[in-house]
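Undergrad: Would you mind keeping the following structure in view while I ask a few things?
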Amino acid sequence: MGSSNPADDTRRDKKKSNKSPHRNKSIDELRERRNRKKAKEAERKKQEEEEMSTMFDEPPPKSPEELRQELDEIKRKLKESKESKVQKLAEMEKNMKETKKELASTFGTEIDGKIKEKQRHDKHHNEIQAGAQKIMAKLREENHGLRATATKFPKQNKELKRTNNAYDRTTQQILMQNDALQQFCDKLQFDQDKLQMSSDIHRDEYIPFYRVEIREKQREVDLEKKIRNIYREAMVKVCKRIMNTRELDLIEIVSELIAEVEGEFNPSFDPSVLFVREDGTKAKDKDSDSDDDSDDDSDDSSSSSSDDSSALESKSDPEDD
């Protein structure tokens, strides 16, 4: 149901004030009947209270006959009270039905008219309220769209500010990196200039000096090689002469001396290679060869001197090559 209208309330009050005399009379009668019923009910309750008070008072001790009579009296009164209650209830129902009929005859048409008028008013009010609800729904929808747009712009502004700040930070980092790269380029240029200067110094000063020194060292090395070759050839010839003597003690002494001298430069040198014959046997391994002709040994020494010198060179220290 819709809310009440002040204009309807004022009209309702006017109608109440303009009631007919017959209606006022019926209302007064109803009030008098209600008051009489209330008075009767009050008297009845008072009587019941008096009866109950007399029932529960402590009487003096009575005989069984008196008690039986009192019990019968109480039962009779209870029965009468029940009958009176049933009768009163029937009267009340009858009065209620009569009252309903009177009220229906008196106020029925007016109530029906009021109900119909209220239904018309509620229908009109509901129509107005439905139209207002549609307008409000449309306004809410538009307001929601405007709020969404209004909340969207600050977010976009914040996003733009955040992006601009990120771009600024990136720009600062790029500038710092450019400065660092520029410093690194300057350092590289300085190092390159320093290297170029050092290269020029080495090319103009040190390289010619080292070339001259290398040539001098090379000449010294060549001279030392020649001296060693001459020494080895002489040593081979001496060894051949000693081998021709066929004296084993002398051969061992010479071998030890050669090993001491050559061992400083070539520890793996074997001096026995200097005392090898043409058939591949060593002088100290075969004593029976001591009976060979000295002429054959002299010829062998001259022919194998070059071979022994080459063998000595192959067993020499790698630093000599």
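Oh and the sequence shown: position 186 is 186 in full-length UniProt numbering, straight run, nothing missing.
All residues carry an ideal CB built from backbone N, CA and C; glycine is no exception.
Note that the coordinates shown come from a computational prediction; the quantities given were computed from them, not determined experimentally.
Given that a residue counts as buried once 16 or more other Cβ atoms are within 10 Å of its Cβ, and exposed if not, what is arginine 241?
TA: Position 241 of the sequence shown, counting from 1, holds the residue named residue 241. By the neighbour-count rule (16 or more Cβ atoms within 10 Å), arginine 241 is not buried but exposed.
Undergrad: What three-state label does DSSP hand glutamate 247 in the structure shown?
TA: Here the question's residue 247 lines up with position 247 in the sequence shown. Looking at glutamate 247 - three-state DSSP - the assignment turns out to be coil, as it is neither helix nor strand.
Undergrad: Which of the three DSSP states, helix, strand or coil, is assigned to serine 268?
TA: Within the sequence shown, the letter at position 268 stands for residue 268. Note: serine 268 maps to coil in three-state DSSP.
Undergrad: Do threonine 109 and serine 26 count as a contact pair if the criterion is CB distance below 7 Å?
TA: Counting from one through the sequence shown, the residue named residue 26 turns up at place 26. Counting from one through the sequence shown, the residue named residue 109 turns up at place 109. The answer is no: Cβ separation not under 7 Å.
Undergrad: In the DSSP assignment, find the unbroken alpha helix (DSSP H) run with histidine 202 in it and report its ends.
TA: Taking the sequence shown and counting its residues from 1, one reaches residue 202 at position 202. From DSSP, histidine 202 is part of no alpha helix (DSSP H); its letter is neither H nor E.
Undergrad: How long is the line joining the alpha carbons of glutamate 220 and glutamine 192, rounded to whole angstroms?
TA: To locate residue 220, count along the sequence shown from 1; it is residue 220. To locate residue 192, count along the sequence shown from 1; it is residue 192. Spanning the two alpha carbons is a distance of roughly 38 Å.
Undergrad: Note down the Cα distance separating arginine 246 from cysteine 239, rounded to an integer number of angstroms.
TA: Within the sequence shown, the letter at position 246 stands for residue 246. Within the sequence shown, the letter at position 239 stands for residue 239. Each residue's alpha carbon lies about 11 Å from the other.
Undergrad: Assign glutamate 262 to one of two classes, buried (16 or more other C-beta atoms within 10 Å of its C-beta) or exposed (fewer than that).
TA: Counted from its first residue, the sequence shown places residue 262 at position 262. By the 10 Å Cβ count, glutamate 262 comes out buried.
Undergrad: If contacts are defined as beta-carbon pairs under 8 Å, then isoleucine 258 and methionine 235 qualify, I think. What distance do you get, rounded to the angstrom?
TA: Locating residue 258 in the sequence shown gives position 258, counting from the first residue. Locating residue 235 in the sequence shown gives position 235, counting from the first residue. Rounded, the Cβ-Cβ distance is 7 Å, consistent with contact.
Undergrad: In chain order, what are the residue ranges of uninterrupted beta strand (DSSP E) at least 3 long that sit wholly in the segment 73 to 136?
TA: For the segment 73 to 136, not a single whole beta strand (DSSP E) run of length 3 or above is found.
Undergrad: How long is the line joining the alpha carbons of methionine 96 and leucine 67, rounded to whole angstroms?
TA: Mapped onto the sequence shown, residue 96 falls at position 96. Mapped onto the sequence shown, residue 67 falls at position 67. Approximately 42 Å, taken between the alpha carbons.
Undergrad: Within its chain, find whatever has a CB closer than 8 Å to the CB of glutamate 29; leave out the 5 residues flanking it on each side and keep chain order.
TA: The residue given as residue 29 occupies position 29 in the sequence shown. Answer for glutamate 29: no residue qualifies.
Undergrad: Near glutamate 41, which residues of its chain fall below 6 Å by C-beta distance, leaving aside the five closest residues on each side in sequence?
TA: Within the sequence shown, residue 41 is the residue found at index 41, counting from 1. For glutamate 41, where only same-chain residues beyond five positions count, there are no Cβ hits under 6 Å.
Undergrad: What three-state label does DSSP hand serine 255 in the structure shown?
TA: If you number the sequence shown from 1, residue 255 lands on position 255. In this structure, serine 255 counts as helix in the three-state DSSP scheme.
Undergrad: Pull up the distance between the alpha-carbon of histidine 121 and that of serine 81, whole angstroms please.
TA: Position 121 of the sequence shown holds residue 121. Position 81 of the sequence shown holds residue 81. Distance between the alpha carbons of histidine 121 and serine 81 is about 53 Å.
Undergrad: What would DSSP say about serine 26, mapped onto helix, strand or coil?
TA: Against the sequence shown, residue 26 aligns to sequence position 26. Helix, per DSSP.
Undergrad: Between the C-alpha atoms of asparagine 178 and cysteine 185, what's the straight-line distance to the nearest angstrom?
TA: Position 178 of the sequence shown holds residue 178. Position 185 of the sequence shown holds residue 185. One C-alpha to the other measures close to 10 Å.
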